[in-house]
């Protein structure tokens, strides 16, 4: 019995047969199953074919995030790893730096590794970027992002509810001039939060909004954000005709940077400027002025992402699901509360 006979029966090339039976190199799920079925039908070293089939049921999953150094992704990754371990899987963690070429490299790498599934915070919200995974039959869950039409499972914060909580709290404390510090508005969280802030303020007489998009266009990293975002925000605020009295920050790193820049500029929080944000960190409750946040329940989000993925692995026929997790509102003094 030769590879050529298996190839003819399976309708593939001999090179494909070689890759499948050797368990090396990328072969689509459909072609691999044809090769294994042909090998079994022809009684070609059935024990070897069975070992190959077992290897395709990988004991690992992939996790691709923009930067695991960011608190949200670090915490979510920890929860995903714990859930994966409970399911007998290891987690291969990849940082994309929100770079499409690097993200594609990791997609191809995870296909080669024949992972059981992938959780990804995609760099752009275009479902076509998932093509390498979809072609390989690898289940996918998006984290902190979603695609129109929900072609794959997703889990993310209820960003609109979080934004409404923060705006309502600031308005209740008498603020009317606002600044919103956001990341790239092509991403679901920033876009939904900004849209909600704008819509909420349309109903507040005499309100104004200064939108400050962070300058993190080509560089990702906590230290870079800490060094640059806050300074840029304060410059924009001081240059405004009417300085905002309240700042809403898109994440914990931006918020920390803004607090430092306000301090350096001699502006007191909340006496001169109220500051609130969308993420929490352990230190925020311990600051001299504790920080008001609409926090992401990162442990719940991570566990939900893992549950969706393992459900999809076990039951590929399930309808796709998009889960929104409610924010946790921590009302502290940085909004102007006594």
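Numbering (this note's numbering), first residue to last: 65 to 402. The beta-carbon is built from N, C-alpha and C at its ideal position, and this holds for glycine as well.
Starting from residue i, follow the beta strand (DSSP E) in both directions and report where the run begins and ends.
i, result
"residue 374", "Element bounds for residue 374: not the beta strand (DSSP E) but the alpha helix (DSSP H), 362 to 378."
"residue 95", "Per DSSP, residue 95 belongs to no beta strand (DSSP E); it is in the alpha helix (DSSP H), 93 to 105."
"residue 156", "154 to 159"
"residue 68", "From DSSP, residue 68 is part of no beta strand (DSSP E) but of the alpha helix (DSSP H) over 67 to 74."
"residue 393", "392 to 394"
"residue 358", "356 to 359"
"residue 132", "First-last for residue 132: undefined, no H or E at that position."
"residue 388", "386 to 389"
"residue 273", "272 to 277"
"residue 331", "Premise fails: residue 331 is in no beta strand (DSSP E) and is neither H nor E."
"residue 312", "310 to 313"
How is the alpha helix (DSSP H) around residue i delimited, first residue to last?
i, result
"residue 180", "Where residue 180 is concerned, there is no enclosing alpha helix (DSSP H), given that its DSSP letter is neither H nor E."
"residue 242", "Element bounds for residue 242: not the alpha helix (DSSP H) but the beta strand (DSSP E), 241 to 246."
"residue 320", "316 to 328"
"residue 150", "135 to 150"
"residue 338", "Here residue 338 belongs to no alpha helix (DSSP H); instead the beta strand (DSSP E) covers 338 to 341."
"residue 404", "This structure cannot settle anything about residue 404, because the visible part of the chain is limited to 65 through 402."
"residue 304", "Premise fails: residue 304 is in no alpha helix (DSSP H) and is neither H nor E."
"residue 397", "Element bounds for residue 397: n/a, residue is neither H nor E."
"residue 268", "Where residue 268 is concerned, there is no enclosing alpha helix (DSSP H), given that its DSSP letter is neither H nor E."
"residue 174", "164 to 176"
For residue i and residue j, what's the separation of their Cα atoms in angstroms?
i, j, result
"residue 73", "residue 207", "41 Å"
"residue 395", "residue 273", "22 Å"
"residue 253", "residue 330", "31 Å"
"residue 268", "residue 244", "16 Å"
"residue 71", "residue 105", "12 Å"
"residue 199", "residue 97", "14 Å"
"residue 382", "residue 376", "7 Å"
"residue 242", "residue 294", "15 Å"
"residue 406", "residue 386", "Here the chain covers residues 65 to 402 and nothing more, so residue 406 does not appear."
"residue 327", "residue 308", "16 Å"
"residue 296", "residue 195", "38 Å"
"residue 82", "residue 167", "28 Å"
"residue 115", "residue 103", "Unreliable placement is indicated for residue 115, whose pLDDT of 47 sits below 50; the coordinate value is still reported in the next sentence. Approximately 12 Å, taken between the alpha carbons."
"residue 257", "residue 99", "49 Å"
"residue 388", "residue 397", "28 Å"
"residue 325", "residue 298", "7 Å"
"residue 240", "residue 301", "14 Å"
"residue 336", "residue 275", "19 Å"
"residue 264", "residue 232", "8 Å"
"residue 323", "residue 271", "23 Å"
"residue 392", "residue 379", "31 Å"
"residue 209", "residue 384", "14 Å"
"residue 77", "residue 130", "38 Å"
"residue 372", "residue 216", "10 Å"
"residue 223", "residue 152", "32 Å"
"residue 342", "residue 193", "28 Å"
"residue 91", "residue 351", "54 Å"
"residue 66", "residue 159", "43 Å"
Roughly how far, in whole angstroms, is the beta-carbon of residue i from the beta-carbon of residue j, given that I think they are within contact range, below 8 Å?
i, j, result
"residue 132", "residue 157", "6 Å"
"residue 311", "residue 399", "With 8 Å as the limit, residue 311 and residue 399 do not qualify as a contact, their Cβ atoms being about 10 Å apart."
"residue 250", "residue 317", "19 Å between Cβ atoms; not a contact."
"residue 246", "residue 338", "Not confirmed; about 17 Å, so no contact."
"residue 179", "residue 202", "6 Å"
"residue 320", "residue 333", "Not confirmed; about 12 Å, so no contact."
"residue 177", "residue 122", "7 Å"
"residue 171", "residue 197", "6 Å"
"residue 369", "residue 205", "5 Å"
Query raised in the report: So, do the region 124 to 143 and the region 168 to 184 have three or more beta carbon pairs nearer to each other than 8 Å?
Result: Cβ pair count under 8 Å is three or more, so yes.
Query raised in the report: Between the region 353 to 361 and the region 225 to 243, do three or more beta carbon pairs fall short of 8 Å?
Result: Note that the region 353 to 361 touches the region 225 to 243; at least 3 beta-carbon pairs, one per stretch, sit closer than 8 Å.
Query raised in the report: Taking only runs of the beta strand (DSSP E) that begin and end inside the region 188 to 266, which ones reach a length of at least 3 residues, in chain order?
Result: Those beta strand (DSSP E) runs which fall completely within the region 188 to 266 and span 3+ residues are 204 to 207, 217 to 221 and 241 to 246.
Report task. Taking 8 Å as the threshold, find out whether the region 135 to 145 comes into contact with the region 162 to 170 through three or more Cβ pairs. Result -> Because the criterion of three Cβ pairs below 8 Å is not met, the region 135 to 145 and the region 162 to 170 do not touch.
**Report entry** Contact between the region 365 to 376 and the region 340 to 357 (3+ Cβ pairs under 8 Å)
**Finding:** Fewer than three Cβ pairs drawn from the region 365 to 376 and the region 340 to 357 lie within less than 8 Å of each other, which leaves the two stretches out of contact.
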